[in-house]
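Take a look at the structure below.
So, in structure tokens, the structure goes:
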């Protein structure tokens with residue numbers, strides 16, 4: 025899940041102008057089909073090719089393609105694929121993937137998903153037919169095409185003998201656009217961003233798929249550190265049992281003590297923002313194998329419990345993506361790592377432990393261990409770092425599988441704004457979330473213990489909701505917004521030591537951690553649910569916080585008008601998938617406002633003129649914003665206010 029490019033992300037990415045994954049791509053800058061032994065082309069129901077390839081293929085060859093498709097009896101259904109051989113001037117084999125009817129609406133989410141799916145179908149067909157170097161028609165969107173190819177070609181077969189593994193396929197896009205144009209640079213950036221998204225998700229897939237004997241808490245920490253520690257702005261800290269004991273993380277340690285494998289508490293920092301900027305915080309459940317403990321699980325599908333650390337895997341992959349894209353934000357991630365095993369040292373039903381925040385917990389069911397390790401991690405992060413937003417991700421309950429099934433990840437949040445951000449990111453990624461009740465009426469179920477403050481098993485009724493409310497007890501500085509899904513009167517955890525408040529969301533991915541089928545870019549097995557959406561949320565949070573800071577100024581009303589003007593332009597441009605990369609240039613100045621006094625009068629006049637043009641045009645906008653690269657990084661609020669429409 026968590027798959028794609030959010031418009032907010034394009035405002036902030038700082039990728040170098042070069043291909044990122046050299047081992048997986050072919051370094052070409054012109055359209056030379058001889059570089060490939062296979063091509064993936066999109067084709068519409070009427071037999072015409074996409075705009076990205078129509079100018080590169082001779083008319084005679086296009087006519088042959090059209091005639092061959094008619095003879096093949098294709099219905100023009102989306103995803104239908106035909107392979108043609110020996111087309112003059114093209115590669116040895118060409119996979120033609122039906123895009124159905126032309127869609128002129130250019131809605132971003134549809135454009136991305138169409139490219140993801142169609143390219144994935146094409147590259148898998150060519151891989152199965154022996155192609156080793158594949159050229160890709162990006163179709164409706166570069167990002168979607170790159171991501172779809174990367175995800176579709178993933179296979180977890182490193183433990184098989186070499187002869188049994190799926191062959192490696194190198195791939196690269198081709199385009200008639202010259203690499204010297206601004207449009208081409210934006211397209212390259214979008215392509216490279218899609219590669220990062222796909223690579224991040226595949227990393228999480230590998231962590232979750234690896235069997236528990238080869239992915240212990242110690243090995244997990246080593247693999248993640250190896251992957252991301254050398255990236256700019258990243259710091260990885262791995263702490264041991266002694267540190268957890270010193271911190272009073274007895275809920276976490278109570279689960280870990282049942283296993284001979286030592287526990288680890290992994291903390292990852294990415295510092296891409298200003299030194300004093302509050303961080304976004306992510307917490308991932310890291311149970312590398314969950315037997316259920318003394319409350320032993322049934323043997324059926326217990327092997328899948330190697331992926332009970334999928335939340336931690338996704339969070340680690342998210343940190344990789346954010347750091348690789350060099351987003352200008354600060355993010356802290358915590359992953360409590362342990363196994364849940366039965367032994368003479370393990371938790372027993374009826375045991376009582378005191379969590380880091382001082383609350384006592386009756387352990388009624390040792391298989392409800394995820395909330396125990398998350399309890400200490402949530403309190404540690406929220407009280408130590410006081411983030412503006414805190415999101416945890418966990419394969420927490422079987423109840424959510426019954427409630428929602430495979431398509432949706434469940435969101436429990438106290439914040440309407442955070443829900444809106446998550447929902448938007450999920451929709452654009454075709455990785456949907458569903459908001460669940462998060463009301464204090466459920467609290468009576470987790471406080472019913474006669475011997476402790478809380479109980480870790482509230483019974484069968486509303487199991488996912490009561491688990492979420494249990495976790496809320498450990499978020500220090502909880503912010504509450506009025507909503508039918510939250511409790512306006514619940515203020516017990518509202519104030520932390522500094523008086524700050526936190527937006528919080530718990531996301532249960534138990535239903536979406538695994539893909540049940542091999543179709544399109546989805547590969548049967550662990551899916552690494554919701555990774556892309558968190559990267560997008562990082563970018564969205566950066567923009568939201570900057571706007572909030574400027575709203576404190578004396579020119580609040582004028583500032584709001586100015587921000588509304590910029591947002592209006594962004595909203596207009598997003599409607600065109602062809603312009604989604606260009607809007608990055610418009611929005612970049614908005615993200616880099618720093619409030620200092622510099623003279624930027626001339627540059628501001630140019631960007632406002634570009635915005636007016638962009639608002640007035642409903643057709644192709646690739647050439648509208650060429651002025652934007654001239655904008656200074658130090659563009660100031662005073663100029664924005666003075667020049668914005670009144």
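In our numbering, the protein residues as written are 25 to 670. Even glycine gets a Cβ: it sits at the ideal position worked out from N, Cα and C.
**Message:** Does the contact criterion of 3 or more C-beta pairs under 8 Å hold for the segment 523-534 versus the segment 147-160?
**Reply:** no
**Asked** Taking the DSSP output, what are the residues bridged to residue 360?
**Response** One-based indexing of the chain shown puts residue 360 at position 336. Residue 360 has 289 as its beta-bridge partners, per DSSP.
**Message:** Can you list, in chain order, the residues of its chain with a C-beta nearer than 8 Å to that of residue 548? Leave out the 5 residues immediately preceding and following it.
**Reply:** As a working note, residue 548 is residue 524 in the chain shown. Contacts found: 539, 540, 541, 542.
**Request:** Could you tell me which of 390, 422, 447 sits nearest to residue 486, measuring between CA atoms?
**Result:** In the chain shown, counting from the first residue as 1, residue 486 sits at position 462. Answer by Cα proximity: 422.
**Message:** I need the straight-line Cα distance from residue 347 to residue 409, nearest angstrom please.
**Reply:** Working through the chain shown from its first residue, we reach residue 347 at position 323. Working through the chain shown from its first residue, we reach residue 409 at position 385. Roughly 19 Å between the two C-alpha positions.
**Prompt:** What three-state label does DSSP hand residue 151 in the structure shown?
**Reply:** Start at 1 with the first residue of the chain shown, and residue 151 comes out as number 127. It is helical.
**Message:** By alpha-carbon positions, which one of 127, 107, 445 ends up nearest to residue 69?
**Reply:** Looking up residue 69 in the chain shown gives position 45. Nearest C-alpha to residue 69: 127.
**Asked** I think residue 174 touches residue 219, with their Cβ atoms under 8 Å apart; what is that distance to the nearest whole Å?
**Response** Here residue 174 refers to the residue found at position 150 of the chain shown. Here residue 219 refers to the residue found at position 195 of the chain shown. Between residue 219 and residue 174 the Cβ distance is about 6 Å, and since that is below 8 Å, they are a contact.
**Asked** From this set, 441, 390, 452, which residue's C-alpha is nearest residue 459's C-alpha?
**Response** One-based indexing of the chain shown puts residue 459 at position 435. With distances taken between Cα atoms, residue 459 lies closest to 441.
**Prompt:** Any heavy atom of the ligand COA within a distance shorter than 8 Å of the CB on residue 376?
**Reply:** The model depicted lacks the ligand COA and carries no ligand whatsoever.
**Request:** In the DSSP assignment, find the unbroken beta strand (DSSP E) run with residue 306 in it and report its ends.
**Result:** Counting from 1 along the chain shown, the entry for residue 306 is found at position 282. Residues 304-308.
**Request:** Measure from the alpha carbon of residue 535 to the alpha carbon of each residue in 429, 463, 551, then state which is nearest.
**Result:** Position 511 of the chain shown, counted from the first residue, corresponds to residue 535. When each option's Cα is compared against that of residue 535, the closest is 429.
**Item:** Reduced DSSP secondary structure (H/G/I, E/B, other) of residue 89
**Value:** The residue given as residue 89 occupies position 65 in the chain shown. In this structure, residue 89 counts as helix in the three-state DSSP scheme.
**Message:** Looking at residue 276: is its Cβ nearer than 9 Å to the Cβ of residue 357?
**Reply:** Numbered from its first residue, the chain shown carries residue 276 at position 252. Numbered from its first residue, the chain shown carries residue 357 at position 333. Cβ atoms of residue 276 and residue 357: not closer than 9 Å.
**Item:** Buried versus exposed call for residue 267 [16 or more other C-beta atoms within 10 Å across all chains shown]
**Value:** Here residue 267 refers to the residue found at position 243 of the chain shown. Under this definition residue 267 is an exposed residue.
**Prompt:** Mapping DSSP to helix, strand and coil, what is residue 538?
**Reply:** The sequence position of residue 538 within the chain shown is 514, counting from 1. Strand, per DSSP.
**Message:** Whole angstroms are fine: how far does the CA of residue 433 sit from the CA of residue 533?
**Reply:** Reading the chain shown from its first residue, position 509 is the one you call residue 533. Reading the chain shown from its first residue, position 409 is the one you call residue 433. The alpha-carbon atoms of residue 533 and residue 433 are separated by roughly 5 Å.
**Request:** Grab me the residues of residue 1's own chain with a C-beta within less than 6 Å of its C-beta, minus the 5 sequence neighbours each way, in chain order.
**Result:** Missing from the structure shown is residue 1; the chain here goes from 25 to 670 and no further.
**Prompt:** With contact counted as at least three CB pairs below 8 Å, one residue from each stretch, are the segment 105-121 and the segment 69-86 in contact?
**Reply:** yes
**Asked** Going by Cα to Cα distance, which pick from 373, 273, 300, 328 is closest to residue 399?
**Response** Indexing the chain shown from 1 puts residue 399 at position 375. Minimum Cα distance to residue 399 is reached at 273.
**Message:** Measuring straight from C-alpha to C-alpha, what distance separates residue 467 and residue 165?
**Reply:** Counted from its first residue, the chain shown places residue 467 at position 443. Counted from its first residue, the chain shown places residue 165 at position 141. Roughly 46 Å separates the two Cα atoms.
**Spatial distance of residue 305 from residue 294 (CA atoms)** = Position 281 of the chain shown, counted from the first residue, corresponds to residue 305. Position 270 of the chain shown, counted from the first residue, corresponds to residue 294. Approximately 10 Å between the Cα atoms of the pair.
**Prompt:** What are the residues that DSSP puts in a beta bridge with residue 354?
**Reply:** Counting from 1 along the chain shown, the entry for residue 354 is found at position 330. In DSSP, residue 354 forms a bridge with 295.
**Item:** Runs of beta strand (DSSP E) lying entirely within the segment 228-296, each at least 3 residues, in chain order
**Value:** 258-263, 288-295
**Asked** Do residue 349 and residue 217 have their C-beta atoms within less than 9 Å of each other?
**Response** Taking the first residue of the chain shown as 1, we reach residue 349 at position 325. Taking the first residue of the chain shown as 1, we reach residue 217 at position 193. Yes. Within cutoff.
**Prompt:** At a cut of 8 Å, does the segment 389-397 reach the segment 315-331 through at least three beta carbon pairs?
**Reply:** yes
**Message:** Between which two residues does the alpha helix (DSSP H) holding residue 393 run?
**Reply:** Your numbering for residue 393 matches position 369 in the chain shown. Note, residue 393: premise wrong, no alpha helix (DSSP H); not H, not E.
**Exposure label - residue 315; buried when at least 16 CB within 10 Å** = Here residue 315 corresponds to residue number 291 of the chain shown, with the count starting at 1. Residue 315 sits buried, since 16 or more C-beta atoms from the chains shown fall within 10 Å of its C-beta.
**Request:** Could you spell out where the beta strand (DSSP E) holding residue 161 opens and where it closes?
**Result:** As a working note, residue 161 is residue 137 in the chain shown. Unbroken beta strand (DSSP E) run through residue 161: 157-161.
**Prompt:** When you compare only the Cα positions, how much space is there between residue 495 and residue 402?
**Reply:** Translated into positions along the chain shown, residue 495 becomes position 471. Translated into positions along the chain shown, residue 402 becomes position 378. So the two alpha carbons sit approximately 8 Å from each other.
**Message:** Can you look up residue 426 in the DSSP assignment and give me helix, strand or coil?
**Reply:** Counting from 1 along the chain shown, the entry for residue 426 is found at position 402. If DSSP states are grouped into helix, strand and coil, residue 426 belongs with the helices.
**Item:** Cβ-based neighbour list, residue 141, same chain, cut-off 6 Å, excluding 5 preceding and 5 following
**Value:** Your numbering for residue 141 matches position 117 in the chain shown. For residue 141, where only same-chain residues beyond five positions count, the Cβ hits under 6 Å are 544.
**Item:** Every unbroken beta strand (DSSP E) inside the segment 117-149 [3 residues or more]
**Value:** 117-122
**Asked** How should residue 254 be labelled, buried or exposed, when 16 other C-beta atoms within 10 angstroms of its C-beta is the threshold for buried?
**Response** The residue labelled residue 254 in the question sits at position 230 within the chain shown. Answer is exposed; the Cβ neighbour count stays below 16.
**Message:** Output needed for residue 360: all residues of its chain with C-beta closer than 6 Å, excluding positions within five of it in sequence on either side, in chain order.
**Reply:** Here residue 360 refers to the residue found at position 336 of the chain shown. Closer than 6 Å at Cβ, skipping near neighbours: 276, 289, 310, 397, 401.
**Prompt:** Across which residues does DSSP place residue 484 in a beta bridge pair?
**Reply:** Translated into positions along the chain shown, residue 484 becomes position 460. Note: residue 484 sits in no beta bridge, so no partner.
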